[in-house]
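First comes the structure, then the notes that go with it.
Number of protein chains: 2
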Amino acid sequence: MTPGTSATSGAPAPATGSRRMPEKRQAIARAASTVFGREGYTRASVDAIAAEAGVSKRTIYNHFGDKEKLFLSVALETAGELTEIIAGLADRHLHKIVDLEADLNTFALDRARAVLGAGDHYALGRTIRAEAGNIPTEVLNAWLDAGPLASQRDLAAHFGRLADQGLLHVEDTELAATQFTLLTFSGAADATFYGAIHLPEAELTAGVTAGIRAFLRLYG
Amino acid sequence: MTPGTSATSGAPAPATGSRRMPEKRQAIARAASTVFGREGYTRASVDAIAAEAGVSKRTIYNHFGDKEKLFLSVALETAGELTEIIAGLADRHLHKIVDLEADLNTFALDRARAVLGAGDHYALGRTIRAEAGNIPTEVLNAWLDAGPLASQRDLAAHFGRLADQGLLHVEDTELAATQFTLLTFSGAADATFYGAIHLPEAELTAGVTAGIRAFLRLYG
DNA sequence: GTCTATAGAACGATAGAC
DNA sequence: GTCTATCGTTCTATAGAC
Numbered sequence: 181m182t183p184g185t186s187a188t189s190g191a192p193a194p195a196t197g198s199r200r201m202p203e204k205r206q207a208i209a210r211a212a213s214t215v216f217g218r219e220g221y222t223r224a225s226v227d228a229i230a231a232e233a234g235v236s237k238r239t240i241y242n243h244f245g246d247k248e249k250l251f252l253s254v255a256l257e258t259a260g261e262l263t264e265i266i267a268g269l270a271d272r273h274l275h276k277i278v279d280l281e282a283d284l285n286t287f288a289l290d291r292a293r294a295v296l297g298a299g300d301h302y303a304l305g306r307t308i309r310a311e312a313g314n315i316p317t318e319v320l321n322a323w324l325d326a327g328p329l330a331s332q333r334d335l336a337a338h339f340g341r342l343a344d345q346g347l348l349h350v351e352d353t354e355l356a357a358t359q360f361t362l363l364t365f366s367g368a369a370d371a372t373f374y375g376a377i378h379l380p381e382a383e384l385t386a387g388v389t390a391g392i393r394a395f396l397r398l399y400g
Numbered sequence: 181m182t183p184g185t186s187a188t189s190g191a192p193a194p195a196t197g198s199r200r201m202p203e204k205r206q207a208i209a210r211a212a213s214t215v216f217g218r219e220g221y222t223r224a225s226v227d228a229i230a231a232e233a234g235v236s237k238r239t240i241y242n243h244f245g246d247k248e249k250l251f252l253s254v255a256l257e258t259a260g261e262l263t264e265i266i267a268g269l270a271d272r273h274l275h276k277i278v279d280l281e282a283d284l285n286t287f288a289l290d291r292a293r294a295v296l297g298a299g300d301h302y303a304l305g306r307t308i309r310a311e312a313g314n315i316p317t318e319v320l321n322a323w324l325d326a327g328p329l330a331s332q333r334d335l336a337a338h339f340g341r342l343a344d345q346g347l348l349h350v351e352d353t354e355l356a357a358t359q360f361t362l363l364t365f366s367g368a369a370d371a372t373f374y375g376a377i378h379l380p381e382a383e384l385t386a387g388v389t390a391g392i393r394a395f396l397r398l399y400g
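If you're matching them up, the sequences are chains A and B in order.
Remember, my numbering sits 180 above the position in the first sequence when you count from 1.
Remember, my numbering sits 180 above the position in the second sequence when you count from 1.
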């Protein structure tokens, strides 16, 4: 094997043995994200990840060193994915306001569905939360900063703009964003264990609606 | 715990081989709670639990069947422990109000410290949350009902009483209790991954204070 | 004498690492 | 593909309780 010293060819090289195979690495990362998210860290076996990625175990060890490094790498690399999705939702629903309460409601609902819904957008995030006590502080902070905190800063910026337009009465935009998330998201996150179990749609909409009403009593 | 069939006598019965040994079972349950809470489900070995309990592995299997049953039993049996602690705090701080904002503040702070603080009051709860996807719905619901939901109902009752006294303006006491928890607790729970990492005292008090102020703007 | 609980060794499977 | 460690589980023998 010894992949580093195999044929040098600069050609596209679809076959195995090329000098660098970023697509293999990416396949491993994707597979690891899937399996870690589905099984959790300890239950996920390197065998299962290799099978999911369609590579041999040895390839994983060559690329990532060991299981822990693989997990931490994937945790860091995927930290920003959901942030961008949520930023897109905020831009779509909060950029041009037509009905403040309705627009906030739709944004909050879409965000909750994106994070907690059936898809595995956040499956790895669940595992990261579960393993928080075993993750080095720097990696944890990097994940927080590229993930949840980034979404919060983005939301605070939106609220600042809405305040400038006179649609909201906000002094501390960061605090308003935090409390918006608490009132419209954290309840559902807690009730579903961050998406691990299903929440009936009616309960989700009821919780979000009540949260939006409280938020507008505070800042409307 | 084990309400109906507790030990009949006051006799010490130190020797081995007695017909029923509930104190061994309790030692196992305590040890399992500790080790599961500290290590998580998959990392916790039956060996480690046996060592912590001062008991042989075989004894664990005789009492609980297998590792999964042991975990689920302990999860159910310890569900109400923290609930009673929090109920005591609520009774202490919310029964006789002298300064509404200060009393709510103290209660919220004490509760957050009790749940998220260094002690392992909630360590097993963290593991239960992490394993939610692998826990049978009925067990999960029983844990929720004896734990977080029970605390919430208790808090709602307090708020109902305070509303009757004219100290709060609350229509839906359950909703008020939910939003109180969201505004004064969930932020810290989220930031610490339910107590897995430490939160500086200053940040905790700042978050709680801001949450109480918002709550009183909503219901004061 | 029989029953039950205990301790500690032993087994089979699995997973991480090379 | 192989090695090695570990884990969940089971088996065997011992000893007190009825």
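C-beta atoms are modelled at their ideal positions from N, C-alpha and C, and glycine is treated no differently.
None of these values were measured; they are calculated from a predicted model.
Rounded to whole angstroms, the separation of the alpha carbons of L396 of chain A and E261 of chain B is 37 Å.
Going by beta carbons, A310 of chain B and A310 of chain A fall inside the 8 Å limit. For R306 of chain B, the uninterrupted alpha helix (DSSP H) run begins and ends at A303 to A310, by DSSP.
Spanning the alpha carbons of Y374 of chain B and E354 of chain A requires a straight line of approximately 22 Å. Spanning the alpha carbons of F216 of chain A and I315 of chain A requires a straight line of approximately 14 Å. With the rule of 3 Cβ pairs closer than 8 Å, the segment 241–253 of chain A does not count as touching the segment 278–292 of chain A. Under a 10 Å Cβ-count criterion, G234 of chain B is classified as exposed, with fewer than 16 other Cβ atoms of the shown protein chains found around its own Cβ.
Taking a cut-off of 8 Å on C-beta distances, the segment 290–303 of chain B does not touch the segment 202–209 of chain A, as fewer than three cross pairs fall below it.
Taken atom to atom, the span from the alpha-carbon of E219 of chain A to that of A330 of chain B is near 30 Å.
Taking C-beta atoms under 8 Å as the contact rule, L335 of chain A and A357 of chain A qualify, at a distance of about 4 Å.
DSSP places D352 of chain B in the coil class of the three-state scheme, outside both helix and strand. Distance from the CA of L363 of chain B to the CA of V254 of chain A, rounded to the nearest whole angstrom, comes to 32 Å. An exposed status is given to Q345 of chain B, since fewer than 16 other beta-carbon atoms sit within 10 Å of its beta-carbon. Listed in chain order, the non-local C-beta contacts of A211 of chain B below 7 Å within the same chain comprise I229, E232 and A233, local neighbours out to five positions each way being set aside.
Judged by DSSP in its simplified three-state form, G391 of chain B adopts helix. Between I240 of chain B and L250 of chain B a beta carbon distance of about 6 Å is seen, short of the 8 Å cut, so the two are scored as contacting. Listed in chain order, the positions of the segment 346–374 of chain B with a beta carbon within less than 7 Å of a beta carbon of chain A are L355, T358, Q359, L362, L363, S366, G367, D370 and F373.
Burial of V350 of chain B is indicated by the presence of at least 16 other C-beta atoms within 10 angstroms of its C-beta. Proximity of chain A to G299 of chain B at the Cβ level (cut-off 7 Å) is not reached, the minimal Cβ distance being about 15 Å. According to the DSSP assignment, K204 of chain B belongs to the alpha helix (DSSP H) that extends over P202 to E219.
Near chain B, meaning a CB-to-CB distance below 8 Å, the residues of the segment 208–228 of chain A are G220, T222 and R223.
Of A:R238, A:S366 and A:L379, the smallest CA-CA separation from G313 of chain B is found for A:L379.
When the five nearest sequence neighbours on each side are left out, the beta carbons in the same chain lying within less than 8 Å of the beta carbon of A343 of chain B are those of H349, V350 and T353, in order along the chain. With respect to L269 of chain A, H338 of chain A sits apart: the two C-beta atoms are not nearer than 8 Å. The residues E232 and D300, in chain order, have a CB closer than 7 Å to that of T214 of chain B in the same chain once the five nearest residues on each side in sequence are set aside.
At least 8 Å separates the CB of L396 of chain B from every CB of chain A. The beta carbons of G305 of chain B and G340 of chain B sit no closer together than 8 Å. A209 of chain B is a Cβ neighbour of E257 of chain B, given a cutoff of 8 Å. Judged by beta-carbon spacing, A259 of chain A lies within the 8 Å limit of W323 of chain A, meaning their Cβ atoms are closer than that value. Across the segment 260–281 of chain A, no CB contact with chain B closer than 7 Å is found for any residue. Residue contact with chain B for G313 of chain A: present (Cβ-Cβ distance below 8 Å to some residue of chain B). For N285 of chain B, the enclosing alpha helix (DSSP H) has its first and last residue at L280 to L296. The Cβ of R309 of chain B sits closer than 8 Å to at least one Cβ of chain A. When the alpha-carbon of L289 of chain A is set against those of A:A390, A:Y399 and A:D325, the nearest one is in A:A390.
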